[in-house]
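Written out below as structure tokens is the structure these notes cover.
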Amino acid sequence: MEQLAVVRLNLARKEVYEVWKAFLVNHGMQSDEIVTDTLGIYDGEKLVATGSYHKNIIKCVAVDKGYRGQCLLNKIVNEIIAELSQKNIYHYFVYTKPDVIGKFIDFGFKKVVCTDHLCLLERGVYGIEYYKHKLKMRYQEGHVIGSIVMNANPFTKGHLHLVKYAASLCDFVHIFVVEEEESVFPFSIRYELVKQGIASFNNVKLHSTGNYIVSNTTFPSYFINKKADITTEHARLDASIFEHYIASALGIKYRFVGEEPFSPTTKIYNRVLKEVLYPTVQLVEIPRLTARNDDIISATKVRALIEANDLESLENYVPRTTLKYLEAYKKQKMEVNQFGNN
Amino acid sequence: MEIINQSTSGTLESSDIQIILGPNKQGIDIDIRSSVQKQFGEHIDMLIRKILSDKMIENAKVLAVDNGALDCTIQARMETAIYRSIGENQRVDWGVVE
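So the protein sequences, as listed, match chains A and B.
Under the numbering used here, read the first sequence as residues 1028 to 1369, first letter to last.
Under the numbering used here, read the second sequence as residues 10 to 107, first letter to last.
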């Protein structure tokens, strides 16, 4: 039989895209995923297998039922792995349905977590067990161990309030700053501002989340708006990773979050978190801090004020450390603008 | 030799082995997934350790996904992965590699 070759699909072409989309829907998959590269195998004119990736995540992998047993899945995954290696990516993830994880396990993938409908697997020499091992080395003694996960884009008085509250109730608080680079402020700045903001507490420790908490890998819905049921599924995955690997490594008993008045995604996330983590970890929701004018403090609001150049009002929303940075940031920006006008 | 960065070699095709190699703080960690795990898992583990020790590599993390590769294939794939992960300053003189 003639060998079928793997080719690149150009989804920018409407006729290719339509065929690909129909193929995925036929195999019970969503086609609204963000993908940057898509490969496929054609038998004549007919699409019989496909697989895509975005950054380090492999997704939308499907093979026509009539073509099983011809190693088409092997070919697709092989090619994707080769392309990722060329980009120096050696640690990657795949989302798939629980009934087909066996194939991926044969390819050297390992299960991270599964919910009823969705599994997350990874492949690489530094997997989640390695992350857990590294976390364990930062273990802190204490009876009541709390945790906070924040994007801190940027660090506000609201975040500070949450830290203060948690630190007053717990023997020790682990703070995780979301590492994913999808925010206005880069990770290094966000991390640094949290570090400066919490410098006065002696029972807190700062960590980065790696790939494993609220990242594009574990909780893509945080960065892209999705339908509620998908968001719920992603939130379940993220929460079980937190429970099984992170909370267990550090002995975390409480996770503190701010009540979510605005974002429906975060609202769903908090609800699912509460369900999944109980009883291993208790979720503690505290009301949002308000500024002097009774306005709820949020990083969204802070970014709007920066956009509007309203540095005077910012004082009500961010601690001194963040304010200092923002002033310097604005000054630098103005200098750049002036330079540009000359 | 010292493993500086991550690398990969080989494919998932039948009769081949795919290696992912990376630096390790201490010791050799090998994770093998093989279609002939029961028959040859231990043998592959020993072979990989021998290849690493021949190259004086003391610290490494290895993931090997094997689909029935012969020893010579395993040797070739391992060497390729090693040479790809030792970085610029340990460049190999290909004219004298045995």
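Just so you know, even glycine gets a beta-carbon here, dropped at the ideal spot from N, CA and C.
Since this is a predicted model, take the numbers as computed values, not measurements.
{"Item": "Chain A within 8 Å of Thr17 of chain B, Cβ atoms only", "Value": "yes"}
{"Item": "Straight-line gap, Trp1323 of chain A to Leu1189 of chain A (C-alpha atoms, nearest Å)", "Value": "Here residue 1323 of chain A is Ile; the residue named in the question, Trp, does not match the sequence. Looking at the two C-alpha atoms, the distance is approximately 14 Å."}
{"Item": "Closer than 8 Å to chain A by CB, Gly50 of chain B", "Value": "no"}
{"Item": "Reference Ala73 of chain B; option with closest CA among A:Lys1301, A:Arg1150, A:Arg1282, A:Gln1030", "Value": "A:Arg1150"}
{"Item": "For Gln1309 of chain A, the residue or residues it bridges with in DSSP", "Value": "A:Tyr1281"}
{"Item": "Spatial neighbours of Ala1326 of chain A in its chain, beta-carbon cut-off 6 Å, leaving aside the 5 residues before and after", "Value": "Asn1180, Thr1183"}
{"Item": "Neighbouring residues, chain A, relative to Thr20 of chain B (Cβ below 8 Å)", "Value": "Asn1105, Ala1109"}
{"Item": "From A:Lys1280, A:Leu1099, A:Ser1235, residue whose alpha carbon lies closest to that of His1170 of chain A", "Value": "A:Lys1280"}
{"Item": "Cβ contact (3+ pairs, closer than 8 Å) linking the segment 1236-1248 of chain A and the segment 1315-1322 of chain A", "Value": "no"}
{"Item": "Beta-carbon spacing of Leu1051 of chain A, Val1075 of chain A below 8 Å", "Value": "no"}
{"Item": "Short-range partners of chain B found in the segment 1076-1097 of chain A, where Cβ spacing is below 7 Å", "Value": "none"}
{"Item": "Residue(s) in a DSSP beta bridge with Cys1146 of chain A", "Value": "A:Thr1123, A:Cys1141"}
{"Item": "Chain A contact for Arg58 of chain B (CB, 8 Å cutoff)", "Value": "no"}
{"Item": "Euclidean distance between Cα positions of Asp1265 of chain A and Met1177 of chain A", "Value": "14 Å"}
{"Item": "Val1221 of chain A beta carbon less than 8 Å from that of Val1241 of chain A", "Value": "no"}
{"Item": "Closest by C-alpha distance to Arg1298 of chain A, when choosing among A:Gly1278, A:Ala1262, A:Lys1161", "Value": "A:Ala1262"}
{"Item": "Sequence-distant residues of its chain with Cβ nearer than 6 Å to Arg42 of chain B (five each side left out)", "Value": "Val74"}
{"Item": "Straight-line Cα distance separating Tyr1272 of chain A from Ile1155 of chain A", "Value": "8 Å"}
{"Item": "Outcome for Cys81 of chain B when other beta-carbon atoms lying within 10 angstroms are tallied against a minimum of 16", "Value": "exposed"}
{"Item": "From A:Ile1257, A:Thr1349, A:Glu1045, residue whose alpha carbon lies closest to that of Asp1008 of chain A", "Value": "It is not possible to answer for residue 1008 of chain A, since the shown part of chain A is limited to 1028 through 1369."}
{"Item": "Within chain B, partners of Gly1173 of chain A - CB distance below 9 Å", "Value": "The contacting residues do not exist; Gly1173 of chain A stays about 30 Å from chain B at best."}
{"Item": "Amino acids of chain A, ordered along the chain, whose beta-carbon sits closer than 8 Å to that of Gln35 of chain B", "Value": "The contacting residues do not exist; Gln35 of chain B stays about 12 Å from chain A at best."}
{"Item": "Interface positions of the segment 1137-1163 of chain A facing chain E (Cβ-Cβ less than 8 Å), listed along the chain", "Value": "Among the chains of the structure shown, chain E does not appear; the protein chains present are A and B."}
{"Item": "Sequence-distant residues of its chain with Cβ nearer than 7 Å to Phe1136 of chain A (five each side left out)", "Value": "Val1121, Leu1148, Glu1149, Arg1150"}
{"Item": "Simplified DSSP state of Ala85 of chain B, which is helix, strand or coil", "Value": "helix"}
{"Item": "Any beta strand (DSSP E) of 3 or more consecutive residues that is wholly inside the segment 1077-1102 of chain A", "Value": "1084-1090"}
{"Item": "Under 8 Å between C-beta atoms of Val1200 of chain A and Asn1230 of chain A", "Value": "yes"}
{"Item": "Short Cβ contact (8 Å threshold) for Asp1064 of chain A with Tyr1080 of chain A", "Value": "yes"}
{"Item": "CB contact flag (Gln27 of chain B, Ser94 of chain B, <8 Å)", "Value": "no"}
{"Item": "Helix, strand or coil at Ile1295 of chain A [DSSP, three-state]", "Value": "helix"}
{"Item": "Distance between beta carbons of Leu1162 of chain A and Asn1276 of chain A, contact taken as under 8 Å", "Value": "Here the sequence assigns Ala to residue 1276 of chain A, which means Asn is not the residue at that position. Indeed they touch by this definition, with Cβ atoms about 4 Å apart."}
{"Item": "Residues near Leu1187 of chain A by beta carbon distance below 7 Å, same chain, minus five either side", "Value": "Gly1224, Pro1346"}
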